[in-house]
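Asker:
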Amino acid sequence: MHSTDVIILGAGAAGLMCAQLSARRGRRVLVLDHANKPGKKILMSGGGRCNFTNLYTEPGNFLSHNAHFCKSALARYTQWDFIELVCKHGVPYHEKKLGQLFCDNKASDILDMLLAECDEAGAEIRMHTSIEQIEKTEGGYLLQTSSGQFACQSLVIATGGLSIPTLGATGFGYQVARQFGHTLLPTRAGLVPFTITEPQLKALCTELSGTSLDCTASCNGTSFRENLLFTHRGLSGPAILQISSFWEAGDTVEINLLPDRDALAWLQQMQAERANAELKTVLGEVFTRKLANLLAEQWFESRPMKQYTPAELAQIAEKLANWQVVPAGTEGYRTAEVTLGGVDTREVSSKTMESLKSPGLYFIGEVLDVTGHLGGFNFQWAWASANAAAQFV
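In UniProt numbering, the protein residues as written are 1 to 393.
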């Protein structure tokens, strides 16, 4: 039997971060993962460039049934702390927009940095190891695995959520939480594209697949100003991914296709100044020609501007500024960037990430009911929660 101080289940962002930090405290650390390679989600994140944090990280950027839970960890390990680590390793990066930081080269720079930190600190990583059984013992925890028996004082669950199962995501962390008496809050896909099945709108999305535009998407009192992307399955893009975390089945999503304009005032101005111009021509100055033509013909019946009555102009403005969409659903965990819900944080210490149900058991990262908005916030939660646990395991 292999005995050590700390075993971390999951060789992703949170697990590797916790491993190197706890090993630097002099703890003997072993990371176990069933996958063949560590950090798979790191490698695919940010389009292969890893949006590793956000300059404007604050507690308000995170969703949780326990809104105050994330504050302590985020305050003790900030975005500036992680940026310092990135700079220490000479990883070149840039701000893309809205405070989102990406690697200049590729996401493997961040993974290589974490692996180098683990190696230097003496943390051991074992892949191809599945967990068969976990028992609580007088001195900690005993694990039966495909690689043998392991004992530890502290056990850290960093297995992530259910999103993108093709990268190895499973519900194992939730099973462990249940085993040791934890409450699980309902899980669902977050930061995920919407699917559309209504025939006319579905046809429009298919026809416009690949077309992107700036918009404001709103649902349940929350709004995001970002790009929308039409796909052959429905709607995607940053604005849609963001608002999906606030949407529930049956809800209406309101989309303003002209976020920088008073739609009615603009149309009235165009009618006064360009009375003979067709609506599709006018719309073509703010949208792509293809989008303008489709909207003008399918939604409004394109005519010269002078032929629209004030009431008709108001209807056109309302549709453009307050397009009402009821998605059929989402693409689910298959493409979701995160999992909403998870281990109830009211049963976990916000200071140490230790279970309040089973001493020596810790939960970090996405397995907890803490989910960030798009743009590097989820990675910052991984770093911060890992740091919190690493100081106490």
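Idealized CB from N, CA, C, for every residue including glycine.
Can you name, in chain order, every residue of its own chain whose Cβ lies under 8 Å from the Cβ of H232, other than the five neighbours on each side?
Answerer: By 1-based counting over the sequence shown, the position of residue 232 is 232. C205, T206, S209, listed in sequence order.
Asker: Got a sec? Which residues, its chain only, sit under 7 Å from P286 by beta carbon, not counting five neighbours each side?
Answerer: Taking the sequence shown and counting its residues from 1, the one referred to as residue 286 is at position 286. First, the residue type needs correcting, since residue 286 is Val and not Pro in the sequence shown. Excluding sequence neighbours, V286 sits near L258.
Asker: Check whether the segment 106-114 touches the segment 34-47, counting contact only when three or more Cβ pairs, one atom from each stretch, lie closer than 8 Å.
Answerer: Contact between the segment 106-114 and the segment 34-47 is present, because at least three Cβ pairs lie under 8 Å.
Asker: Between D5, M1, L9, G15, which has its C-alpha nearest residue 397's C-alpha?
Answerer: The structure shown does not extend to residue 397, since the chain is modelled only from 1 to 393, so the question has no answer here.
Asker: Could you check whether the segment 349-368 touches the segment 156-174, counting it as contact only if at least three pairs of C-beta atoms, one from each stretch, sit closer than 8 Å?
Answerer: Flag = yes, the segment 349-368 and the segment 156-174 touch.
Asker: Looking at the secondary structure, which residues open and close the alpha helix (DSSP H) in which I316 lies?
Answerer: To locate residue 316, count along the sequence shown from 1; it is residue 316. Here the alpha helix (DSSP H) through I316 covers 310-321.
Asker: Tell me the residue span of the beta strand (DSSP E) that contains K136.
Answerer: Counted from its first residue, the sequence shown places residue 136 at position 136. Segment 131-137, the beta strand (DSSP E) holding K136.
Asker: Can you find the residues in the same chain that come closer than 7 Å, C-beta to C-beta, to T288, ignoring five residues on each side of it along the sequence?
Answerer: If you number the sequence shown from 1, residue 288 lands on position 288. Only T211 meet the Cβ criterion.
Asker: Spatial neighbours of L142 within its chain, please: CB distance less than 6 Å, with the 5 preceding and 5 following residues excluded, ordered by chain position.
Answerer: Here the question's residue 142 lines up with position 142 in the sequence shown. Here the set comprises E135, A151.
Asker: Quick one: residues in its chain with C-beta nearer than 7 Å to the C-beta of A123, no 5 flanking neighbours on either side, listed in chain order?
Answerer: In the sequence shown, counting from the first residue as 1, residue 123 sits at position 123. Excluding residues within five positions, the ones whose Cβ falls inside 7 Å are A19, Q20, A23, V29, V31.
Asker: In terms of residues, what are the limits of the beta strand (DSSP E) holding S223?
Answerer: As a position in the sequence shown, residue 223 is number 223, starting the count at 1. Unbroken beta strand (DSSP E) run through S223: 222-230.
Asker: Under 7 Å Cβ to Cβ from T345, same chain only, skipping five residues before and after it: list those, please.
Answerer: The residue you call residue 345 lines up with position 345 of the sequence shown. Within the same chain, T345 has close Cβ partners S64, N66, F69, L368, D369, V370.
Asker: In three-state terms, what does DSSP make of Y333?
Answerer: Residue numbering aside, residue 333 sits at position 333 when the sequence shown is read from its first letter. In this structure, Y333 counts as helix in the three-state DSSP scheme.
Asker: Report the residue from R49, P359, Q380, T335 whose alpha carbon sits nearest the alpha carbon of S236.
Answerer: Position 236 of the sequence shown, counting from 1, holds the residue named residue 236. It is T335.
Asker: Excluding sequence positions up to five away, which residues of its chain have a Cβ less than 6 Å from the Cβ of R188?
Answerer: What you label residue 188 is simply residue 188 of the sequence shown in a count that begins at 1. Correct list, in chain order: L340.
Asker: Going by CA-CA distance only, name the one from S385, N378, G342, R27 that's closest to P186.
Answerer: Position 186 of the sequence shown, counting from 1, holds the residue named residue 186. Closest by alpha carbon: G342.
Asker: Could you check where the beta strand (DSSP E) with T216 kicks off and where it finishes?
Answerer: Your numbering for residue 216 matches position 216 in the sequence shown. Looking at the DSSP string, the run of the beta strand (DSSP E) that includes T216 is 212-219.
Asker: Quick one: what does DSSP say D5 is sitting in, helix, strand or coil?
Answerer: Start at 1 with the first residue of the sequence shown, and residue 5 comes out as number 5. In the structure shown, D5 sits in a strand (DSSP, three-state: E or B).
Asker: Go ahead and pull the three-state DSSP assignment for I196.
Answerer: In the sequence shown, residue 196 corresponds to position 196, counting from 1. DSSP places I196 in coil when its eight states are reduced to three.
Asker: Would the beta-carbon of L55 fall within 7 Å of that of L241?
Answerer: The residue labelled residue 55 in the question sits at position 55 within the sequence shown. The residue labelled residue 241 in the question sits at position 241 within the sequence shown. No, the pair does not count as a contact, with Cβ atoms beyond the cut-off.
Asker: Secondary structure at I157, three-state DSSP: helix, strand or coil?
Answerer: Sequence index remark: in the sequence shown, residue 157 carries index 157 (1-based). DSSP places I157 in strand when its eight states are reduced to three.
Asker: With distances taken Cα to Cα, identify the nearest neighbour of D33 among G26, A321, A11.
Answerer: Looking up residue 33 in the sequence shown gives position 33. Cα-wise, what sits closest to D33 is A11.
Asker: Closest by CA to residue 404, which one among Q179, N61, M17?
Answerer: Here the chain comprises residues numbered 1 to 393, so residue 404 is not present and cannot be evaluated.
Asker: So for S355, helix, strand or coil by DSSP?
Answerer: Your numbering for residue 355 matches position 355 in the sequence shown. In the structure shown, S355 sits in a strand (DSSP, three-state: E or B).
Asker: Determine the extent of the alpha helix (DSSP H) in which I240 is found, giving its start and end residues.
Answerer: Position 240 of the sequence shown, counting from 1, holds the residue named residue 240. Where I240 is concerned, the enclosing alpha helix (DSSP H) stretches over 238-244.
Asker: Provide the residue span of the alpha helix (DSSP H) that contains R76, from first to last.
Answerer: For the purposes of this step, residue 76 is taken as residue 76 along the sequence shown, with counting starting at 1. Looking at the DSSP string, the run of the alpha helix (DSSP H) that includes R76 is 69-76.
Asker: For the candidate residues I131, S154, Q324, whose alpha-carbon lies nearest to that of G139?
Answerer: Here residue 139 is taken as the residue at index 139 of the sequence shown, counted from 1. Out of I131, S154, Q324, S154 has the C-alpha closest to the C-alpha of G139.
Asker: Do N227 and F246 have their beta-carbon atoms positioned less than 7 Å apart in this structure?
Answerer: Locating residue 246 in the sequence shown gives position 246, where the first residue counts as 1. Locating residue 227 in the sequence shown gives position 227, where the first residue counts as 1. Result no, Cβ atoms of F246 and N227 do not sit closer than 7 Å.
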